[in-house]
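Please read the structure below before turning to the comments.
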Amino acid sequence: MKYLVKNPLTRRELDIWATNPSILPHFFWKPGSELQRNVKGFLYSVLHQVISHGVMSLDLVLAAFESTSLEESDADWSERVLK
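Just so we're aligned: 15 in our numbering is position 9 of the sequence shown, and the numbers increase by one with no gaps anywhere.
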(Lines of atoms letter the chains of each structure in order from A and count residues from 1; the text may use other names and numbers.)
(Lines give C-alpha, C1' and ligand atoms only; values in the text may rest on other atoms or scores of the structure.)
Protein backbone atom coordinates (compact mmCIF):
# COMPACT_ATOMS: atom_id res chain seq x y z
CA MET A 1 0.00 0.00 0.00
CA LYS A 2 2.78 2.42 0.85
CA TYR A 3 4.16 1.80 -2.65
CA LEU A 4 0.86 2.97 -4.19
CA VAL A 5 0.83 6.14 -2.11
CA LYS A 6 4.42 7.07 -3.00
CA ASN A 7 4.41 6.01 -6.66
CA PRO A 8 4.13 8.98 -9.09
CA LEU A 9 2.00 6.83 -11.40
CA THR A 10 -0.74 6.81 -8.77
CA ARG A 11 -0.94 10.61 -8.87
CA ARG A 12 -0.91 10.63 -12.67
CA GLU A 13 -3.75 8.12 -12.88
CA LEU A 14 -5.80 9.99 -10.26
CA ASP A 15 -5.33 13.20 -12.24
CA ILE A 16 -7.44 11.60 -14.98
CA TRP A 17 -10.44 11.51 -12.62
CA ALA A 18 -9.97 14.77 -10.73
CA THR A 19 -7.90 17.93 -10.93
CA ASN A 20 -5.11 17.99 -8.35
CA PRO A 21 -6.41 15.14 -6.14
CA SER A 22 -5.29 14.83 -2.53
CA ILE A 23 -3.97 11.52 -1.27
CA LEU A 24 -4.59 11.15 2.44
CA PRO A 25 -3.05 7.82 3.47
CA HIS A 26 -3.62 5.98 6.71
CA PHE A 27 -2.28 2.57 7.63
CA PHE A 28 -3.75 0.48 10.41
CA TRP A 29 -1.06 -1.08 12.59
CA LYS A 30 -2.12 -4.07 14.67
CA PRO A 31 0.76 -3.94 17.22
CA GLY A 32 0.36 -0.15 17.59
CA SER A 33 -1.65 1.93 20.03
CA GLU A 34 -5.43 1.68 20.19
CA LEU A 35 -5.83 4.69 17.87
CA GLN A 36 -3.48 3.08 15.33
CA ARG A 37 -5.79 0.06 15.22
CA ASN A 38 -9.28 1.54 15.06
CA VAL A 39 -11.63 3.70 12.99
CA LYS A 40 -11.42 6.62 15.42
CA GLY A 41 -7.66 6.82 14.85
CA PHE A 42 -8.27 6.68 11.10
CA LEU A 43 -10.70 9.61 11.33
CA TYR A 44 -8.21 11.60 13.43
CA SER A 45 -5.51 10.92 10.87
CA VAL A 46 -7.63 12.02 7.91
CA LEU A 47 -8.83 15.15 9.74
CA HIS A 48 -5.23 16.06 10.62
CA GLN A 49 -4.11 15.59 7.02
CA VAL A 50 -7.03 17.59 5.64
CA ILE A 51 -6.05 20.54 7.83
CA SER A 52 -2.26 20.28 7.54
CA HIS A 53 -2.22 19.79 3.75
CA GLY A 54 -4.56 22.70 3.18
CA VAL A 55 -7.33 20.57 1.66
CA MET A 56 -9.76 22.41 3.90
CA SER A 57 -9.11 25.44 6.06
CA LEU A 58 -9.09 25.14 9.82
CA ASP A 59 -11.90 27.72 10.01
CA LEU A 60 -14.18 25.50 7.91
CA VAL A 61 -13.35 22.44 9.99
CA LEU A 62 -13.98 24.29 13.26
CA ALA A 63 -17.27 25.64 11.92
CA ALA A 64 -18.37 22.11 11.11
CA PHE A 65 -17.52 21.03 14.67
CA GLU A 66 -18.82 24.16 16.41
CA SER A 67 -20.85 22.17 18.94
CA THR A 68 -17.73 20.29 20.05
CA SER A 69 -15.45 23.28 20.57
CA LEU A 70 -15.08 22.50 24.27
CA GLU A 71 -13.59 19.04 23.73
CA GLU A 72 -10.22 18.80 25.43
CA SER A 73 -8.87 15.33 24.68
CA ASP A 74 -9.22 12.56 22.13
CA ALA A 75 -11.47 10.70 24.56
CA ASP A 76 -14.04 13.53 24.25
CA TRP A 77 -14.61 12.93 20.51
CA SER A 78 -16.96 10.16 19.41
CA GLU A 79 -16.75 8.37 16.06
CA ARG A 80 -20.21 9.73 15.22
CA VAL A 81 -19.00 13.33 15.60
CA LEU A 82 -15.81 12.70 13.63
CA LYS A 83 -17.68 11.13 10.71
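Just so you know, even glycine gets a beta-carbon here, dropped at the ideal spot from N, CA and C.
Subject >> Length of the line joining the Cα atoms of ASP21 and GLN55 >> reply: 19 Å
Original post:
Between the Cα of TRP35 and the Cα atoms of ASN44, SER84, SER28, PRO27, which residue gives the shortest distance?
Top reply: ASN44
Original post:
Which residue's Cα is closest to the Cα of MET62: ARG17, VAL87, PRO27?
Top reply: PRO27
Original post:
From this set, PRO37, LEU68, PHE33, GLN42, which residue's C-alpha is nearest LYS8's C-alpha?
Top reply: PHE33
Original post:
Would you report the Cα separation of LEU15 and GLY47, rounded to the nearest angstrom?
Top reply: A direct Cα-Cα distance of roughly 28 Å separates LEU15 from GLY47.
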